[in-house]
Structure formats: structure tokens, C-alpha cells
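In our numbering, the protein residues as written are 2 to 252.
Yeah, the Cβ is synthetic: ideal placement off N, Cα and C, and Gly gets one too.
First comes the structure, then the notes that go with it.
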Ligand SMILES: Nc1ncnc2c1ncn2[C@@H]1O[C@H](COP(=O)(O)OP(=O)(O)O)[C@@H](O)[C@H]1O
Ligand SMILES: [Mg+2]
């Protein structure tokens, strides 16, 4: 039994079948990559995990419970957290303030900027926020404005914000998109560390094969809305269907 189980999911946009009979089984504590050409349906699938989209048919089970019909913020509270393609941080606040918001929200049960106005003498929450910054190696940047961070550091900050919610499942949509090689490698290292320290399950959508093969314990390949392969990384590499999907067959 996986922590996330997807069965026979279909999703159409008008006449376009974005997902067709998708099955996916993500084992607890693993990093599971979802790869595939542009337009394969990867983001659509992820949106079905966070309640942003509802599948036309099929089931999505997280930790033994159906996620269908559950509102995004409720899904978030059950332990599913998503890292966005463009970091969702508060640019005009400092690094430390950014992390305090989800730490207070976790305690108070709401994700609002007002959380900041109640920050006085909340030692435990402040300590947690500090620990989060240490975990992503950003404690030395805590007083910097978020807007002044490099792309890689913005990603790191967003990761700390996600981790503050103590997720059981972390969803990442192209976490290294647009990054320079050095930042990409830092992100790989960061994700590997997080998994090692916290045993968080991660589903990673990724284009960069270097990232995929550095991190993933299991890989699902989507092409034209269908899972054409799900296997160990070493078996995916030489998979003829996968090569076909990437080298022009499907697109
Ligand atoms: N909200 C939407 N409305 C209409 N079509 C969409 C919508 N979202 C995605 N699509 C289409 O569904 C297909 C899969 O898109 P997407 O899931 O974004 O692919 P990927 O993330 O793998 O690149 C694409 O053809 C895309 O144009
Ligand atoms: Mg996408």
C-alpha cells in the first residue's frame, strides 16, 4: 500500500484527454519522479493531488483516505504540501519572517499574513522557524529581504516554508526549472538531505534527467496522458517506450 494511490484517473479539458487511466503508487518515504514530454499531463496530475483539479473518473487516495472532493487547504492540512514552479514567497518580507508565517499557521490552523501581527514572545514557534532555516542552510540569510535572494535560495526558502507545515507528502513541480547548474546541484543535495533527515515522501515532476537520476528511487513516465512505464531508475534509462516518447514518437 502506497502513501499515495492513484487509480484509473481520467481528466479531460473539453475534447482534450489530458489524463487517461492513470495509475500511480507512491511508496511511503521514497522519492518518486514523474517525467514525460511537455504537455504529457504531469502538472494536471499533480493538480489532482492537491484539489486544484478534480478527476472526471478514478480515485486518489492519500494515507488511506480519498482526496476527491476535499478542498485544497484541507488536503494541505492532511499533510500534502506543494512546492510551486515559481516560488511563492513574500518578497517584501525577510527570510525569517517568511518562515514564521507557515510556522504560526501550522499552530493556529490558518495561512494568513495576519499571523505575523501576533508574533510576540512565541518562543517555540520562533525556534521552529529557526530550525527550518538551519535545515535548508539559510540561517545566515535570515535578515535578508526575500526579493534579494538568488533563484536557488528562493527555492530553498519556499522549501523551508513547506517543511514548516510538517508535510507527509511533498509535491514538487520542476523544482530546478530555470536554475543554473550550481543551484540545481544544491537543490538536489537539499532534497536528498530532507528525505534523509525527515523521511518525507516526495513526488517530483522534473525535466532535468540529471536531477531525476540523482534523486528518484522510482520513476513513472507519462506520455500523452498515459503512464507508459513505472520502474526503477536503472530500468527506465534504456526503456524503448520511454526513448520513443522523448525522441519524437509521441510528440
Ligand atoms: N486548464 C486547462 N485547460 C485546458 N487545457 C489544459 C489545461 N491544463 C492543461 N491543459 C492541457 O492538458 C495537457 C497536459 O498539460 P500539463 O498537465 O500542463 O502537461 P505537462 O505538465 O506534462 O507539461 C496539455 O495539452 C495542456 O495544454
Ligand atoms: Mg507542467
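Heavy atom of ligand 2 within 8 Å of residue i beta-carbon
| i | result |
| --- | --- |
| residue 209 | no |
| residue 155 | no |
| residue 89 | no |
| residue 235 | no |
| residue 206 | yes |
| residue 43 | yes |
Cα-Cα separation, residue i to residue j
| i | j | result |
| --- | --- | --- |
| residue 34 | residue 95 | 32 Å |
| residue 73 | residue 237 | 32 Å |
| residue 61 | residue 51 | 10 Å |
| residue 247 | residue 41 | 11 Å |
| residue 178 | residue 128 | 31 Å |
| residue 136 | residue 48 | 27 Å |
| residue 242 | residue 235 | 14 Å |
| residue 124 | residue 37 | 45 Å |
| residue 188 | residue 93 | 24 Å |
| residue 141 | residue 220 | 35 Å |
| residue 218 | residue 207 | 14 Å |
| residue 212 | residue 203 | 13 Å |
| residue 133 | residue 15 | 43 Å |
| residue 105 | residue 126 | 7 Å |
| residue 216 | residue 32 | 7 Å |
| residue 77 | residue 172 | 11 Å |
| residue 13 | residue 55 | 10 Å |
Proximity of residue i and residue j at Cβ, strictly below 9 Å
| i | j | result |
| --- | --- | --- |
| residue 27 | residue 170 | yes |
| residue 67 | residue 174 | no |
| residue 230 | residue 240 | yes |
| residue 138 | residue 192 | no |
| residue 151 | residue 100 | no |
| residue 7 | residue 227 | no |
| residue 17 | residue 46 | no |
| residue 91 | residue 147 | yes |
| residue 199 | residue 176 | no |
Where residue i sits in the DSSP three-state scheme
| i | result |
| --- | --- |
| residue 144 | coil |
| residue 2 | coil |
| residue 158 | helix |
| residue 135 | helix |
| residue 229 | strand |
| residue 251 | Low local confidence applies: a pLDDT of 44 at residue 251 is under 50, so the model's placement there is unreliable, with the coordinate-based value given in what follows. DSSP places residue 251 in coil when its eight states are reduced to three. |
| residue 299 | There is no way to answer for residue 299, as the model of the chain reaches only from 2 to 252. |
| residue 59 | strand |
| residue 169 | coil |
| residue 39 | coil |
Nearest to residue i (by Cα), restricted to the options the options
| i | options | result |
| --- | --- | --- |
| residue 102 | 76, 130, 83 and 80 | 130 |
| residue 83 | 148, 167 and 38 | 167 |
| residue 30 | 210, 195 and 223 | 195 |
| residue 79 | 134, 206 and 4 | 4 |
| residue 9 | 212, 200, 57 and 32 | 57 |
| residue 245 | 234, 222 and 235 | 222 |
| residue 2 | 15, 63, 39 and 55 | 63 |
| residue 97 | 65, 144 and 109 | 144 |
| residue 185 | 210, 161, 172 and 163 | 210 |
| residue 163 | 69, 11, 201 and 19 | 201 |
Any non-hydrogen atom of ligand 1 closer than 8 Å to residue i Cβ
| i | result |
| --- | --- |
| residue 39 | yes |
| residue 150 | no |
| residue 79 | no |
| residue 221 | no |
| residue 19 | yes |
| residue 16 | no |
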